[in-house]
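**Student:**
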Amino acid sequence: MQSPSEIRARYDAIQHEVGPHVTIVAATKYIAADDMAQLIEAGITTVGENRAQDLEAKHAIYGDAFTWHFIGALQSNKAKLVNARCTLVHSVDTDSTARRLTIPMLIQVNIAAEDTKAGIRPDELPNYLQYDVHGLSTMPPAAATPDESRSHFRALHNLASSHGLKTLSMGTTQDYAAAAQEGATHIRVGSVLFHETPHTR
290 MQSPSEIRAR YDAIQHEVGP HVTIVAATKY IAADDMAQLI EAGITTVGEN RAQDLEAKHA
350 IYGDAFTWHF IGALQSNKAK LVNARCTLVH SVDTDSTARR LTIPMLIQVN IAAEDTKAGI
410 RPDELPNYLQ YDVHGLSTMP PAAATPDESR SHFRALHNLA SSHGLKTLSM GTTQDYAAAA
470 QEGATHIRVG SVLFHETPHT R
């Protein structure tokens, strides 16, 4: 875990790279609750949690110090917990979960039709538009270079545009710059903020 000043420097460098209109969601899956205080000191405002139990524990300590997003797989029986603590869910891919959410959501799309990935098929999207859907998210296949993910980001952007959806959560530590160039409004980054030496492009 880097110092608050180093985390802030990395955050500012990423923001400069992707532009002011892209929201950086600090993915805190591997950040212990005690270490979240360093993020406050670094000026991080938006965090994304992957597990409902971690969200509950960290929110109990830090509450309104952050804007909380949920970015992991969400079971419908955890929707009430997330409703009370988060402002956006990035990962909805079942009707049972969508029906139980009372906060804005992004539908996760398996844009590359990978058997091992969560997410709906693109042709299923209309079934979800009755809910409070603000946009889409995706995780592209593993790739050797960020440019290999561009076609998947572009496909998600086109799908969202065809349904009048404005919010796109796509891009992680490996490919966030390419995602931003293809229309991401939110990127989810963790290790590039907290551990690794940022790469330059």
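For what it's worth, the numbering used here labels the leading residue of the sequence shown as 290, then goes sequentially. Just so you know, even glycine gets a beta-carbon here, dropped at the ideal spot from N, CA and C. In this text, all values refer to a predicted model and were calculated from it rather than measured experimentally.
Decide yes or no for the touch test of the region 394-413 against the region 442-450: beta carbon pairs closer than 8 Å, at least 3 of them.
**Tutor:** Yes, the region 394-413 touches the region 442-450.
**Student:** To the nearest angstrom, how far is the alpha carbon of Leu-448 from that of His-423?
**Tutor:** So the two alpha carbons sit approximately 13 Å from each other.
**Student:** Along the chain, where does the alpha helix (DSSP H) that runs through Ile-329 open and close?
**Tutor:** Run containing Ile-329: 325-331, per the alpha helix (DSSP H) assignment.
**Student:** Out of Ile-296, Arg-299, Asp-301 and Thr-312, which has the shortest C-alpha to C-alpha gap to Ile-476?
**Tutor:** Checked all of Ile-296, Arg-299, Asp-301 and Thr-312; the closest Cα to Ile-476 is Thr-312.
**Student:** Okay, do the region 331-349 and the region 313-320 touch, 3+ Cβ pairs below 8 Å being the bar?
**Tutor:** The region 331-349 vs the region 313-320: in contact.
**Student:** So, with DSSP's three-state summary, where would you put Met-290?
**Tutor:** Met-290: coil per DSSP, three-state reduction.
**Student:** Using three-state DSSP, classify Val-481 as helix, strand or coil.
**Tutor:** Note: Val-481 maps to helix in three-state DSSP.
**Student:** Consult DSSP for Leu-454 and reduce its assignment to one of helix, strand or coil.
**Tutor:** Looking at Leu-454 - three-state DSSP - the assignment turns out to be coil, as it is neither helix nor strand.
**Student:** Do Asp-421 and Pro-393 count as a contact pair if the criterion is CB distance below 8 Å?
**Tutor:** Yes, Cβ-Cβ distance for Pro-393 and Asp-421 is below 8 Å.
**Student:** Here's a check: name, in chain order, each residue in its chain whose Cβ is nearer than 8 Å to the Cβ of Thr-376, leaving out the five neighbours to either side.
**Tutor:** These residues qualify, in order along the chain: Thr-356, Trp-357, His-358, Ile-392 and Pro-393.
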